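Just add 1027 to wherever you are in the sequence shown, counting from 1, and you've got our numbering. Working notes, beginning with the structure itself.
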Amino acid sequence: MSVFLRDYLNVVWFGAAALLIGGLLLGLAAAVRPTKPSAEKYIAYESGVDPVGMGWSQSQIRYYVFALLFVIFDIEAVFLFPWAANIERYGTFGLVVMLVFIFLLLDGLFYAWKRGLLRWV
């Protein structure tokens, strides 16, 4: 067996050991814990307030749009900061690629703004 494959075999052994230990600990916890089910334990509990009415309600789509826009611009920051730290190494090509990336994100922001998705009403 080559050294290259032996290194991967070490990873497989450690992964198998991690899965085995995790499974054993979960099984041990399931065997030891007390189990006393009651109807009150299955009621939804939120912030110390007893639930009133149905447990289902429709959410507004604009909350998901805000979350998606946040994730998009958070990812922009994740890509922008390392690029800015190593700008000399990337040179002109890196600058052009980052400007295209920023332009595409600003295009998406402009599209959301024109559609009225940024209004909190």
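Think of the CB as a built atom: it goes at the ideal place given N, C-alpha and C, for glycine as much as any other residue. Being a predicted model, the structure only gives us computed values, none of them experimental.
Discussion item. By the DSSP assignment, the alpha helix (DSSP H) with Leu-1053 in it spans what residues?
Written reply: Here residue 1053 corresponds to residue number 26 of the sequence shown, with the count starting at 1. Its alpha helix (DSSP H) spans residues 1030 to 1059.
Worksheet item: Do Gly-1135 and the ligand SAM come close, with the Cβ less than 6 Å from some heavy atom?
Response: Looking for the ligand SAM in the displayed structure turns up nothing, as the structure carries no ligands at all.
Discussion item. Does the contact criterion of 3 or more C-beta pairs under 8 Å hold for the segment 1124 to 1134 versus the segment 1084 to 1103?
Written reply: yes
Worksheet entry | Rounded C-alpha distance that separates Gly-1054 from Pro-1061 | On the sequence shown, residue 1054 is found 27 positions in, with the first residue counted as 1. On the sequence shown, residue 1061 is found 34 positions in, with the first residue counted as 1. If I take the Cα positions, the gap works out to 13 Å.
Worksheet item: Could you check where the alpha helix (DSSP H) with Tyr-1069 kicks off and where it finishes?
Response: For the purposes of this step, residue 1069 is taken as residue 42 along the sequence shown, with counting starting at 1. Where Tyr-1069 is concerned, there is no enclosing alpha helix (DSSP H), given that its DSSP letter is neither H nor E.
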